[in-house]
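In the working numbering, the protein residues as written are 71 to 408. No residue lacks a Cβ here, since even glycine has one placed at the ideal position from N, Cα and C. Below is one structure, written out as structure tokens; the observations come after it.
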Amino acid sequence: MESTRTLKDKILLVVKGLAMGAANKVPGVSGGIVAFVAGFYEEFIFSLQRINGKAFKLLFNGRFKSFAQYINGRFLGLLILGMLISYFSVSKILDYFIQHYELYVWSAFFGMILGSIYYIAKDFNHWNRATILSIIIGAAVGISISLMNPAKENDHLAFVFLCGIISVSGMTLPGLSGSFILILLGNYVLLLVDSVNALYDTFADMLRGDFTFTSNHERVRDLKILAVFTAGSAVGLVTLSHLLNYVLKHYKNVTTAIIIGFISGSLGVVWPWKETIYKADDAGVFLLDSNGKQIIQNYKRLIPDLAASETWIAVFYILIGVSIVLALDWYGKRTKKI
71 MESTRTLKDK ILLVVKGLAM GAANKVPGVS GGIVAFVAGF YEEFIFSLQR
121 INGKAFKLLF NGRFKSFAQY INGRFLGLLI LGMLISYFSV SKILDYFIQH
171 YELYVWSAFF GMILGSIYYI AKDFNHWNRA TILSIIIGAA VGISISLMNP
221 AKENDHLAFV FLCGIISVSG MTLPGLSGSF ILILLGNYVL LLVDSVNALY
271 DTFADMLRGD FTFTSNHERV RDLKILAVFT AGSAVGLVTL SHLLNYVLKH
321 YKNVTTAIII GFISGSLGVV WPWKETIYKA DDAGVFLLDS NGKQIIQNYK
371 RLIPDLAASE TWIAVFYILI GVSIVLALDW YGKRTKKI
């Protein structure tokens, strides 16, 4: 594979990594969809499956060139490089827009999830008793989660490691957004915004020769969380690729039906029009966590005010979100024709 890859192909691979990394950061869009429609999904899964016992044997024996060739290392390296660049840039952008345009950001996310549901369901024609039951079960689980109090932010390192394993599901399974799952788990902002920004700021400080961040408790905490999250993601990426191969080979239709039902039922979690309810004591004073942040108790979902201009702007962003996923689908079909 590597001998036929030109310089242009390598540059495009980094660009595809950029797109895949951005998709993994955005709830509702799966990095796997980008890989699928851009035509490198099969090579991506194949390369991940090569990270096995034989690969580690080559690595531990010092046969680094053989190891890289065996796992298709140049392909994975260029792709991961693009993802890393994307993670830092998208993280800063998301941080800004969530703070200043929260309604519109969640509207775009909502639209992307709607588009993802369409993408997965449009070619699914395997309706039978098992798949109908599966979609009902998936929807029931999703609706139950939507009606529950949102999961609280949890920085316990064991839970963070588990989040890392779960978050890469969107890279290996087209249509299932790992960042959306992190929203359900309550750790989206902590893991994909705050901790990534902490690493970005740390690099910026080091380039200026400023090492005072080592005494910043919150910065050190975020860096530790990011390291554990990254380790969990790496483990999940390898293990899920093997598990995915087995599940899709033996239970593809049932798995697809469960995903359709689950994502559809969970739409309430990212409903754009909601009011955040913060936890307060009997005197009405808002309670803060160990990092000085207000503790979220619940969300009150609201009916949008049709007379308000911001409502229609939010609807416009929902349509943009849907259009992004449809554009990916269109690009994939066009690429296959070419």
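Next item on the list: Would you mind stating whether VAL266 and TYR166 have Cβ atoms separated by less than 7 Å?
Entry: Within the sequence shown, the letter at position 196 stands for residue 266. Within the sequence shown, the letter at position 96 stands for residue 166. The answer is no: Cβ separation not under 7 Å.
Next item on the list: Specify the secondary structure class of LYS192 as computed by DSSP and reduced to three states.
Entry: Numbered from 1 along the sequence shown, position 122 holds the residue referred to as residue 192. Coil at LYS192, not helix or strand.
Next item on the list: Please report the residue range of the alpha helix (DSSP H) in which TYR140 lies.
Entry: For the purposes of this step, residue 140 is identified with residue 70 of the sequence shown, where counting begins at 1. Here the alpha helix (DSSP H) through TYR140 covers 134-140.
Checklist line | C-beta contact flag for SER177 and TYR387 at 7 Å | finding: Numbered from its first residue, the sequence shown carries residue 177 at position 107. Numbered from its first residue, the sequence shown carries residue 387 at position 317. Contact: yes.
Notebook entry, point to check: Should LEU396 and GLY101 be called a contact, given that it needs their Cβ atoms to be closer than 7 Å?
Noted result: If you number the sequence shown from 1, residue 396 lands on position 326. If you number the sequence shown from 1, residue 101 lands on position 31. No.
Note to self: Across the region 326-334 and the region 199-211, are there enough close Cβ pairs to call them in contact, namely three or more that are closer than 8 Å?
What the structure shows: yes
Note to self: Taking a contact to mean a Cβ-Cβ separation below 7 Å, would you say VAL211 touches PHE356 in this structure?
What the structure shows: Translated into the one-based positions of the sequence shown, residue 211 becomes position 141. Translated into the one-based positions of the sequence shown, residue 356 becomes position 286. Going by C-beta atoms, VAL211 is not nearer than 7 Å to PHE356.
Notebook entry, point to check: Should ALA93 be labelled buried (16 or more other beta-carbon atoms within 10 Å of its own) or exposed?
Noted result: By 1-based counting over the sequence shown, the position of residue 93 is 23. It is buried - the Cβ of ALA93 has at least 16 other Cβ atoms within 10 Å.
Next item on the list: Check whether the Cβ atoms of LEU148 and LEU83 lie closer than 7 Å to each other.
Entry: As a first step, residue 148 is located in the sequence shown; it is residue number 78 there, counting from the start. As a first step, residue 83 is located in the sequence shown; it is residue number 13 there, counting from the start. A contact, by the Cβ cut-off of 7 Å.
Next item on the list: Compare the beta carbon distance of ILE115 and SER311 with 7 Å and say whether it is the shorter of the two.
Entry: Residue mapping note: residue 115 aligns to position 45 of the sequence shown, counting from 1. Residue mapping note: residue 311 aligns to position 241 of the sequence shown, counting from 1. Cβ distance < 7 Å, so ILE115 and SER311 count as in contact.
Notebook entry, point to check: Expressed to the nearest angstrom, what Euclidean distance is found between the alpha-carbon atoms of TYR188 and PHE130?
Noted result: Here residue 188 corresponds to residue number 118 of the sequence shown, with the count starting at 1. Here residue 130 corresponds to residue number 60 of the sequence shown, with the count starting at 1. Approximately 45 Å, taken between the alpha carbons.
Next item on the list: Mark ASN122 as exposed unless 16 or more other C-beta atoms lie within 10 angstroms of its C-beta, in which case mark it buried.
Entry: As a first step, residue 122 must be located in the sequence shown, where it is residue number 52. Looking at its Cβ environment, which holds fewer than 16 other Cβ atoms inside 10 Å, ASN122 is exposed.
Notebook entry, point to check: Any contact of the region 245-257 with the region 269-277, i.e. 3+ C-beta pairs under 8 Å?
Noted result: no
Notebook entry, point to check: Can you tell which of ILE206, LYS344, TYR348 and ILE390 has its C-alpha closest to the C-alpha of GLY335?
Noted result: As a working note, residue 335 is residue 265 in the sequence shown. The candidate whose alpha carbon is nearest that of GLY335 is ILE206.
Item checked: Which residues DSSP lists as bridging LYS322, in chain order -> One-based indexing of the sequence shown puts residue 322 at position 252. In DSSP, LYS322 forms no bridge with anything.
Next item on the list: Please go through the same chain and pick out, in chain order, the residues whose beta-carbon is closer than 7 Å to the beta-carbon of GLY181, but skip the five residues on each side of it.
Entry: Walking along the sequence shown from the start, residue 181 turns up at place 111. For GLY181, where only same-chain residues beyond five positions count, the Cβ hits under 7 Å are TYR387, ILE388, LEU389, ILE390, GLY391 and VAL392.
Next item on the list: Can you tell me which of the three DSSP states GLU223 falls into?
Entry: Position 153 of the sequence shown, counted from the start, is the residue given in the question as residue 223. If DSSP states are grouped into helix, strand and coil, GLU223 belongs with coil.
Next item on the list: Report yes if the C-beta distance between ASP275 and ASP292 is below 7 Å; otherwise report no.
Entry: Locating residue 275 in the sequence shown gives position 205, where the first residue counts as 1. Locating residue 292 in the sequence shown gives position 222, where the first residue counts as 1. Not in contact: ASP275 and ASP292 (Cβ atoms no closer than 7 Å).
Checklist line | For LEU307 and MET241, believed in contact at Cβ under 8 Å, the rounded distance | finding: Position 171 of the sequence shown, counted from the first residue, corresponds to residue 241. Position 237 of the sequence shown, counted from the first residue, corresponds to residue 307. That belief holds up - the Cβ atoms of MET241 and LEU307 are roughly 7 Å apart, short of 8 Å.
Note to self: When you compare the CB positions of GLY256 and GLY152, do they come within less than 7 Å of one another, or not?
What the structure shows: Working through the sequence shown from its first residue, we reach residue 256 at position 186. Working through the sequence shown from its first residue, we reach residue 152 at position 82. It is not a contact, given that the beta carbons lie outside the stated cut-off.
Item checked: Residues near ALA125 in its chain [Cβ-Cβ closer than 8 Å; skip 5 each side] -> As a first step, residue 125 must be located in the sequence shown, where it is residue number 55. The residues are PHE137, TYR140 and ILE141.
Margin query: Let me check one thing: in DSSP terms, what residues is ALA350 bridge-paired to?
Written below: To locate residue 350, count along the sequence shown from 1; it is residue 280. Partner(s): PHE356.
Next item on the list: Specify, as a first and last residue, the run of the alpha helix (DSSP H) that ALA92 falls within.
Entry: Position 22 of the sequence shown, counted from the first residue, corresponds to residue 92. 77-95 is the extent of the alpha helix (DSSP H) around ALA92.
Item checked: Rounded distance between the beta-carbons of LEU372 and TRP343, thought under 8 Å -> Numbered from 1 along the sequence shown, position 273 holds the residue referred to as residue 343. Numbered from 1 along the sequence shown, position 302 holds the residue referred to as residue 372. Their Cβ separation, rounded to whole angstroms, is 4 Å, which keeps TRP343 and LEU372 in contact under 8 Å.
Next item on the list: Could you tell me which of GLY354, VAL104 and TRP341 sits nearest to TYR174, measuring between CA atoms?
Entry: Along the sequence shown, read from residue 1 onward, the residue named residue 174 stands at position 104. When only C-alpha atoms are compared, the closest one is TRP341.
Check: Below 7 Å between beta carbons: does that hold for GLY208 and GLY302?
Finding: Residue mapping note: residue 208 aligns to position 138 of the sequence shown, counting from 1. Residue mapping note: residue 302 aligns to position 232 of the sequence shown, counting from 1. Contact: no.
Next item on the list: Buried or exposed for TYR348, please, with buried defined as at least 16 other CB atoms from any protein chain shown within 10 angstroms of its CB.
Entry: In the sequence shown, residue 348 corresponds to position 278, counting from 1. Exposed, since its Cβ has fewer than 16 Cβ neighbours within 10 Å.
Checklist line | Those residues which DSSP pairs with GLU345 across a bridge | finding: The residue given as residue 345 occupies position 275 in the sequence shown. LYS370.
Margin query: Helix, strand or coil, according to DSSP, for TYR270 in the structure here?
Written below: Along the sequence shown, one-based indexing puts residue 270 at 200. Three-state DSSP puts TYR270 in a helix.
Item checked: Among GLY143, LYS222 and LEU227, the one whose alpha carbon lies nearest that of ILE253 -> Locating residue 253 in the sequence shown gives position 183, counting from the first residue. The shortest C-alpha separation from ILE253 is found at LYS222.
Margin query: Less than 6 Å between C-beta atoms, sequence neighbours within five positions excluded: which residues of the same chain meet that for VAL230?
Written below: Taking the first residue of the sequence shown as position 1, residue 230 is located at position 160. Only ILE295, VAL298 and PHE299 meet the Cβ criterion.
Check: Is it true that the CB of LYS95 sits closer than 7 Å to the CB of VAL160?
Finding: Taking the first residue of the sequence shown as position 1, residue 160 is located at position 90. Taking the first residue of the sequence shown as position 1, residue 95 is located at position 25. The answer is yes: Cβ separation under 7 Å.
Note to self: By the three-class DSSP mapping on this structure, what secondary structure does GLY279 have?
What the structure shows: The residue you call residue 279 lines up with position 209 of the sequence shown. Three-state result, GLY279: coil.
Next item on the list: Provide the residue span of the alpha helix (DSSP H) that contains PHE117, from first to last.
Entry: Taking the first residue of the sequence shown as position 1, residue 117 is located at position 47. As written in the sequence, residue 117 is Ser, which differs from the Phe given in the question. Unbroken alpha helix (DSSP H) run through SER117: 111-119.
Checklist line | Chain-order list of residues whose beta-carbon lies under 7 Å from that of LEU118 (same chain, five-residue window excluded) | finding: Position 48 of the sequence shown, counting from 1, holds the residue named residue 118. Cβ neighbours of LEU118 beyond the five flanking positions: LEU307, VAL308 and SER311.
Next item on the list: Starting from ALA125, follow the alpha helix (DSSP H) in both directions and report where the run begins and ends.
Entry: As a first step, residue 125 must be located in the sequence shown, where it is residue number 55. That run of the alpha helix (DSSP H) goes 123-130.
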